[in-house]
Amino acid sequence: MDERIDSSDLKRLSDLDELEEHTYRTTQQDGLIDLLAGLGLLGFAVGVLLELPMLTILAPALLATMWKPLRDKIATRHVGYVRFSEPRRKRERRGLWTLHWALVGTALAGVAVWLVFDRGGDSMRETLIGLGLAPFALMVALFLGVAGLALRAPWFMGYALLAVIAAALVPFGVPAEYGLAVVGAVITLAGFARLIRFMRRYPPRQVEASS
Amino acid sequence: MSETPETETLADLDKLVHEPARLMVMAHLYVIDEADFTFLANQTGLTGGNLSFHLGKLEQAGYVEVEKRFRDKIPCTLLRLTRAGRAAFREYRTRLTRLLETLPE
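What follows is the structure in structure tokens.
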């Protein structure tokens, strides 16, 4: 690693808020959240395609619980351990709770649509069949948008846009489950690429010099 | 030669904090609660040996607290600024800002 201290380093030091923000952002570049969101969406779509409801339900829920342990195992080992100030941790907790409730809300909305389909009248059922899984794709888009805001990850808006496109393609004969599977695969690949870049940027350090 | 107020201020800057590598270390520790050696080395771009040397100086001055711990059975060195370290960094910034303001455009 380059050990020169240049003017940009010193400039960053003059604005401590900027320095804190920069420091925080380096811990958020591991791509794990993208990877898990992508795999969750892929599991959901493949579950629908193969008519495996357990996969559809469990994949997103199971993957959501894996974020913290994976982060400790992979990201912390590479970039190191840090505990931010209490206000920052509070903001992060608030973001994660928002994400949590967005996931629960999306799941409940999905159940509601399914109940309407299962118990609604014939005309309602026909309307929903006509829509395909477009409402699900829009819910996924909404969830990804909320996730982007909660995690302060603007690139999630791009993922949300892809899910909107998947919903928009339904009237043109492209089933939403195919569209969502492709969106899931794209997010997974993007997350994987981010993770590789992160691991290359911060190779694990073998030796900790004692001070 | 008599000292002007400006030179007095310059002379009063804490030399221990003023060194660029140590300034980086202290600034990074100032904006967080604590971090391990790996994190600080990644953020500052300093090599292990160099960081270790500067941390030794800061620890000696009572500015940095070093704690050896195990995380998941892996030894890690936790670092945080002491109360005196935080005060010294704040004081350094105040003095430096005041000094820079006295310089002509």
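Listed in order, the protein sequences are those of chains A and B.
All residue numbers in the first sequence are consecutive under the numbering used here, ending with 241.
All residue numbers in the second sequence are consecutive under the numbering used here, ending with 90.
Cβ atoms here follow ideal geometry from the backbone N, Cα and C, with glycine treated the same way.
Note that the coordinates shown come from a computational prediction; the quantities given were computed from them, not determined experimentally.
Beta carbon of Ala177(A) nearer than 7 Å to that of Leu129(A): Contact flag set, yes.
Once DSSP output is grouped into helix, strand and coil, what is the label at Lys58(B)? Here Lys58(B) sits in coil by DSSP.
Whole-angstrom Cβ separation of Ala180(A) and Ala206(A), contact assumed at under 8 Å? Not really, about 24 Å apart at Cβ, beyond 8 Å.
Measuring straight from C-alpha to C-alpha, what distance separates Gln28(B) and Thr57(A)? The alpha-carbon atoms of Gln28(B) and Thr57(A) are separated by roughly 10 Å.
For Asp60(A), does the three-state DSSP call read helix, strand or coil? Secondary structure of Asp60(A) (DSSP, three-state): coil.
On the CB-based measure, 16 or more other CB atoms within 10 Å of its CB, does Met11(B) come out buried or exposed? With 16 or more other CB atoms across the displayed protein chains lying within 10 angstroms of its CB, Met11(B) is buried.
Would you say Glu50(A) faces chain B, with C-beta separation under 7 Å as the test? Chain B, which has a Cβ nearer than 7 Å to the Cβ of Glu50(A), makes this yes.
Roughly how many angstroms separate the alpha carbons of Asp32(A) and Ala26(B), rounded to a whole number? For Asp32(A), the predicted model reports a pLDDT of 44, less than 50, meaning its position is unreliable and no value from the coordinates is stated.
Using a Cβ-Cβ cut-off of 7 Å (strictly less than) and excluding sequence neighbours within five positions of Met(-14)(B), which residues of its own chain qualify? Unreliable positioning characterises Met(-14)(B) in this predicted model, as indicated by a pLDDT of 45, which lies under 50. The coordinate reading is nonetheless provided below. Taken in chain order, the list of residues that qualify is empty.
In chain order, what residues of the same chain have a beta carbon less than 7 Å from the beta carbon of Tyr15(B), not counting five sequence neighbours either side? Within the same chain, Tyr15(B) has close Cβ partners Leu66, Arg71 and Phe74.
Would you say Val2(B) lies against chain A (beta-carbon separation less than 7 Å)? Under the Cβ criterion of 7 Å, Val2(B) is not counted among the residues facing chain A.
Cβ-based burial, Ala183(A) [other Cβ within 10 Å; buried from 16]: When all chains shown are included, Ala183(A) counts as buried.
Three-pair Cβ contact test at 8 Å for the region 99 to 117 of chain A versus the region 62 to 77 of chain A: The region 99 to 117 of chain A is in contact with the region 62 to 77 of chain A.
What does Gly110(A) touch in chain B if you count any residue whose Cβ is under 9 Å from its own? For the C-beta of Gly110(A), the chain B residues within less than 9 Å are, from N- to C-terminus, Ala20, Asp21, Phe22, Thr23, Phe24, Leu25, Ala26, Asn27, Gln28 and Cys61.
Compare the C-beta of Val10(B) with all C-beta atoms of chain A and state if any pair is closer than 7 Å. Output row for Val10(B): interface = no.
Candidates Tyr232(A), Gly221(A), Arg227(A) and Tyr208(A): closest to Phe74(A) by CA position: Nearest of Tyr232(A), Gly221(A), Arg227(A) and Tyr208(A) to Phe74(A), Cα basis: Tyr208(A).
Round the Cβ separation of Tyr232(A) and Val109(A) to the nearest angstrom and send it over; I've been treating them as touching at under 8 Å. Confirmed, Cβ separation roughly 5 Å.
Let me know if Ser241(A) comes out buried or exposed under the rule of 16 or more other beta-carbons within 10 Å of its beta-carbon. Residue placement at Ser241(A) is flagged as unreliable, the pLDDT there being 44, under the threshold of 50; a coordinate-derived value is accordingly withheld.
Should Pro234(A) go down as buried or exposed, given a rule of 16 or more other Cβ atoms within 10 Å for buried? Under this definition Pro234(A) is an exposed residue.
Using a Cβ-Cβ cutoff of less than 8 Å, which residues in the same chain neighbour Met154(A) once the five nearest sequence positions on both sides are dropped? Shown here for Met154(A): same chain residues with a beta carbon closer than 8 Å to its own, the five before and five after excluded, namely Val146 and Phe147 in chain order.
Determine the DSSP secondary structure at Val204(A), reduced to helix, strand or coil. In this structure, Val204(A) counts as coil in the three-state DSSP scheme.
Alpha-carbon to alpha-carbon, Glu44(B) and Tyr189(A): If you take the alpha carbons of Tyr189(A) and Glu44(B), they lie about 47 Å apart.
Opposing strand residues paired with Asp47(A) [DSSP bridges]: None; Asp47(A) has no bridge partner.
What residue does the beta strand (DSSP E) around Asp18(B) start on, and which one ends it? Counting along the chain, the beta strand (DSSP E) containing Asp18(B) begins and ends at Ile17 to Asp21.
Cβ of Ser115(A) within 7 Å of any chain B Cβ: Among the CB atoms of chain B, one or more fall inside 7 Å of the CB of Ser115(A).
Measuring alpha carbon to alpha carbon, tell me which of Ala220(A), Trp185(A) and Met169(A) ends up nearest Ala196(A). Out of Ala220(A), Trp185(A) and Met169(A), Met169(A) has the C-alpha closest to the C-alpha of Ala196(A).
Quick check on the DSSP output: the alpha helix (DSSP H) that includes Arg107(A) runs from which residue to which? Taken as a continuous stretch (DSSP letters only), the alpha helix (DSSP H) holding Arg107(A) covers Thr106 to Val109.
Apply the 10 Å Cβ neighbour rule to Asp21(B) and answer buried if 16 or more other Cβ atoms are within range, or exposed otherwise. Asp21(B) should be labelled buried.
What is the DSSP secondary structure of Leu113(A), counted as helix, strand or coil? The sequence given here places Arg at residue 113(A); Leu does not occur at that position. Residue state for Arg113(A) is assigned as strand, using DSSP reduced to three classes.
Smallest Cα separation from Arg249(A): which of Leu49(A), Gly61(A) and Ala171(A)? For residue 249(A) there is no data in the structure shown, the boundaries of chain A being 31 and 241.
Per-residue DSSP class, three states only, for Leu66(B): Three-state result, Leu66(B): strand.
Assign Phe202(A) to buried or exposed, taking buried as 16 or more other Cβ atoms, counted over all protein chains shown, within 10 Å of its Cβ. Exposed.
Along chain B, in chain order, which residues have C-beta atoms closer than 8 Å to that of Thr56(A)? Contact annotation for Thr56(A) against chain B: Asn27 and Gln28 [CB-CB distance below 8 Å, chain order].
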